[in-house]
Amino acid sequence: MLEGAPRVDVRVMRTISFDGVIVGGGGAGMRAALQLAQSGYKTAVISKVFPTRSHTVSAQGGITCAIASADPQDDWRWHMYDTVKGSDYIGDQDAIEYMCSVGPEAIFELEHMGLPFSRTEEGRIYQRPFGGQSKNFGEGGQAARTCAAADRTGHALLHTLYQNNIKNETVFFNEWFAVDLVKNQDGAVVGVIAICIETGETVYVKSKATVFATGGAGRIYASTTNAHINTGDGMGMALRAGVPAQDMEMWQFHPTGIYGAGTLVTEGCRGEGGYLINKDGERFMERYAPNAKDLAGRDVVARSMVLEILEGRGCGPNGDHVKLKLDHLGEEVLESRLPGICELSRTFAHVDPVKEPIPVVPTCHYMMGGIPTNVHGQALTVDAHGNDAIIPGLYACGEVACVSVHGANRLGGNSLLDLVVFGRASGLFIEKSLREGIELRDASQTDVEAAGARLQTLNDREQGEQVAPLRHELQEIMQNHFGVFRTGEFMREGIAKLADLRERVENVALADRSNAFNTSRIECLELQNLFETAEATAVIAEARDESRGAHAREDFTERDDENWLCHSLYHSEGKKVSKRSVNFTPQTVETFQPKARSY
Amino acid sequence: MLEVSLYRYNPETDEAPYMQDFSVDTGGRDLMVLDVLELIKADHDGSVTYRRSCREGVCGSDGLNMNGKNGLACITPLSESVKSDKLVIRPLPGLPVIRDLVVDMSLFYAQYEKVQPYLQNPTPAPAIERLQSPEERAQLDGLYECILCACCSTSCPSFWWNPDRFVGPAGLLQAYRFLADSRDTATEDRLAKLDDPFSVFRCHGIQNCVNVCPKGLNPTKAIGHIRTMLLNRAT
């Protein structure tokens, strides 16, 4: 053993026990934790950053929900219709029904907790138009359904949830990193191995219910709106534990990332009346989406932008971006409705949106896929007969989960609703299960050792490549081979490159062997999680030979409902892809039948 | 090449902190300070330790002291921070250092929790949201946007002296955020908890907090409002 390299020794490792442990301190995790803490069960949140540093804080434009403020006639069924259509029909209709119908209650709860929403003259919550929104099932024109706290809705939401967790005395393991799942002899999940980043201590956090709320993995791409911390930790842990990943080919490229920097500019800019222009100053979305124009689905807008650039109408000396025009809205509207955007644009684009348009380009933003779950957050796998089977002890909610309410394309403002509604639903279900009694057999010493093996291997390794260049290589492969437009041949090249990269990533070496706040160790563990997420994305994207939602194939340009009106599942063992049925049976409304999707 | 001098301290190997110099190739670009730290960690020394997350100035992870001034590394460009071709990066002052640029923020968070930073209103909530006029909501602007980066409190001499008893600018900004909220009914209780010689009155109006806040907020003004409320309550 090397000097300074800590041993993952189960004989001396502490075990800390909880009724419920939530991995991730973003919106989903803190909403789930709040529900459980309020119920009196012993609850802990493990977060690799102080909770208000989680990526939910970066959400800007708002949270979409039919609370009938902007339009007293608004109806959650219209929101459901928009979401099903936006998903290109592979969103599960039972889950979308649940999210849209329970949504208003969940929003009002947040307001009662203190969330500082912007207000209308009537004193109600301010709602703005967002992409893909309609009234009366697509027949009544543009709706305004996104509840906003200026353009800092995620910040307001995350801080409110943290504050209410303080009030309810949730136990936080802040700056602790979950390494891998602990499974017992029955294959049930009974907690995680976690590292205290400050001291380097490794412990077994034992739990009757383990909730993954680990967020996204946008850092698999070189250009992303995502925070440095979005490294797919939950996906990595799940895939290593044999949990399948669903719809991982579905990555959202947000139309408006700031050119060069990647930072997000909210769709709310276009909701408030901004629009995109090419180098000729033309509002080109009028050609691609004559009705919704700049407020078409994000996949549609992102592809239109790329086409403008490819056809030589991009802006700048390299013609490699377009521009978002806001100056016509006037300084007063911009400073009151979009103050954060003005700040970001001045800092990262060196452009004052009051005077000039902002240079923007489609940028990786959101993982529609994830761990398949039901509406209670229970993680699912498939049995030998291809039927859904619940994985005892494991739950997922928020971006890491695929319940699936977003299908092949998420509507703006639906991610915050997803994480609040399903964080809450997971908490409610676990509370009920705990009351009825959860019996899981204890993990053996061997089980815990197995969960600590990856960390032990990393700690022991003397030779290997450094983390930063490997991460860069991975991000470049994904950026080049699995971007907005995809072709089979090029994706197969990408998959081969990933196969070569796998061993090098598994053999990454620590640049630093100390215990105290060793971020080098965390980055190595994160890189391996990024890799698992990226490979699942690559393999599944190559398999889906059709174009649907965010997955646009140049060699299969049409949607193929006959073969692919289904979820795709990636199984890490053998890197196999299988299909899983989409739910078309909502409980209180009629099924929305697939039809051609136009805006 | 940019000359960067970094504060280093590893509690396992160093008896005392020291400054280490790096020559960083910025390619002539006006990078953010965080980009420079990322370059150092990737290309020079993987053991350099700092916090970072959103890299766009909203998560508050990377509050640092750059050439003598507190700020967020991710939104501080070299053109604003480099003086005489040199960049000196130190941890936020006044808090215990865990390692390199990472400080122990426990005291800072404890002061935040002390002000009960959550809405209190025991009256039963309506079936919809509690109504609030745009004017009432506007009272929260300049308060709710705080990102808890600690740039303000760690630039405050009063907080350096009494970090356990003076709530500090960040905590007091949040205290006022709830005092100012038309939906909150705990005003009297909140003021009673702040009414001692230390919690609020150790603020001497130095305004370092205002000078460094990366979000352009004004804790001194909020503290002034609390002071007035406390004085009105006493008479």
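Chains as they are written, first to last, in our numbering: chain A, 1 to 599; chain B, 1001 to 1235.
We put the CB at the ideal spot given by N, CA and C, even for glycine.
{"Asked": "Residues that DSSP places opposite A1125/B in a beta bridge", "Found": "Partner(s): none; A1125/B has no beta bridge."}
{"Asked": "CB contact below 8 Å: Q528/A versus chain B", "Found": "no"}
{"Asked": "Residues near Q378/A in its chain [Cβ-Cβ closer than 8 Å; skip 5 each side]", "Found": "I390, I391, L394, Y395 and F429"}
{"Asked": "Contained beta strand (DSSP E) runs [length at least 3] in the region 177-213 of chain A, N- to C-terminal order", "Found": "189-196 and 202-212"}
{"Asked": "Rounded distance between the beta-carbons of I46/A and A194/A, thought under 8 Å", "Found": "6 Å"}
{"Asked": "Interface residues of chain B facing E562/A [CB-CB closer than 8 Å]", "Found": "By Cβ distance, chain B contributes nothing, its closest Cβ being about 43 Å from E562/A, past 8 Å."}
{"Asked": "E3/A at chain B interface by Cβ criterion, 8 Å", "Found": "Model confidence at E3/A stands at a pLDDT of 49, short of 50, so the residue's coordinates are unreliable and nothing is read from them."}
{"Asked": "Beta-carbon proximity check, L565/A vs P586/A, cutoff 8 Å", "Found": "no"}
{"Asked": "Cβ-based contacts, 7 Å cut-off: residues of the region 324-338 of chain A near chain B", "Found": "none"}
{"Asked": "Neighbour flag for K208/A against chain B, beta carbons, 8 Å", "Found": "no"}
{"Asked": "Distance, L1002/B Cα to G1028/B Cα", "Found": "9 Å"}
{"Asked": "Of the residues F18/A, T15/A, Y41/A and D9/A, the one placed nearest E431/A, counting alpha carbons only", "Found": "Y41/A"}
{"Asked": "Which listed residue (G1068/B, R1130/B and R1227/B) has its alpha carbon closest to that of R1183/B", "Found": "R1130/B"}
{"Asked": "Minimum Cβ-Cβ distance from Q1020/B to chain A less than 8 Å", "Found": "no"}
{"Asked": "Extent of the continuous alpha helix (DSSP H) run through K323/A", "Found": "From DSSP, K323/A is part of no alpha helix (DSSP H) but of the beta strand (DSSP E) over V322 to K325."}
{"Asked": "8 Å Cβ shell around Q528/A - same chain, five flanking residues per side excluded", "Found": "G236, R454, V505, E506 and V508"}
{"Asked": "Selected residue, minimal CA-CA separation from C1149/B, among P1169/B, D1164/B and D1141/B", "Found": "P1169/B"}
{"Asked": "Residue from A499/A, A511/A and M491/A whose Cα sits closest to the Cα of L458/A", "Found": "A511/A"}
{"Asked": "Interface flag, M30/A vs chain B, CB-CB below 8 Å", "Found": "no"}
{"Asked": "Inter-stretch contact at 8 Å, needing at least 3 Cβ pairs: the region 288-303 of chain A / the region 545-564 of chain A", "Found": "yes"}
{"Asked": "Length of the line joining the Cα atoms of V382/A and E476/A", "Found": "33 Å"}
{"Asked": "Cutoff 8 Å: E1188/B Cβ touching any chain A Cβ", "Found": "no"}
{"Asked": "Short CB-CB distance (under 8 Å) between R53/A and chain B", "Found": "yes"}
{"Asked": "Length of the line joining the Cα atoms of R544/A and F177/A", "Found": "34 Å"}
{"Asked": "C-alpha gap between N414/A and V1097/B, whole angstroms", "Found": "40 Å"}
{"Asked": "Contacts of V1102/B in chain A (Cβ-Cβ under 8 Å)", "Found": "F517"}
{"Asked": "Alpha carbon of V1082/B to alpha carbon of S345/A, nearest angstrom", "Found": "22 Å"}
{"Asked": "Continuous alpha helix (DSSP H) assignments of at least 4 residues falling wholly in the region 1066-1106 of chain B", "Found": "1078-1081"}
{"Asked": "Contacts of R1202/B in chain A (Cβ-Cβ under 7 Å)", "Found": "Result: empty, since nearest Cβ-Cβ is about 24 Å, beyond 7 Å."}
{"Asked": "Outcome for S444/A when other beta-carbon atoms lying within 10 angstroms are tallied against a minimum of 16", "Found": "exposed"}
{"Asked": "Proximal residues to E3/A (C-beta, below 7 Å), its chain only, five neighbours per side dropped", "Found": "Unreliable placement is indicated for E3/A, whose pLDDT of 49 sits below 50; the coordinate value is still reported in the next sentence. Closer than 7 Å at the Cβ level, and outside the excluded window around E3/A, lies no residue."}
{"Asked": "Proximal chain A residues relative to H1075/B, where beta-carbon distance stays under 7 Å", "Found": "In the sequence as presented, His is not what sits at residue 1075/B; that position holds Ile. What I1075/B touches in chain A: T347."}
{"Asked": "Any chain A beta carbon closer than 8 Å to T1185/B", "Found": "no"}
{"Asked": "Cβ of R128/A within 8 Å of any chain B Cβ", "Found": "no"}
{"Asked": "Neighbourhood of A292/A by C-beta, 6 Å cutoff - its chain only, sequence neighbours within 5 removed", "Found": "Y599"}
{"Asked": "Exposure of R513/A, with buried meaning 16 or more beta-carbon neighbours within 10 Å", "Found": "buried"}
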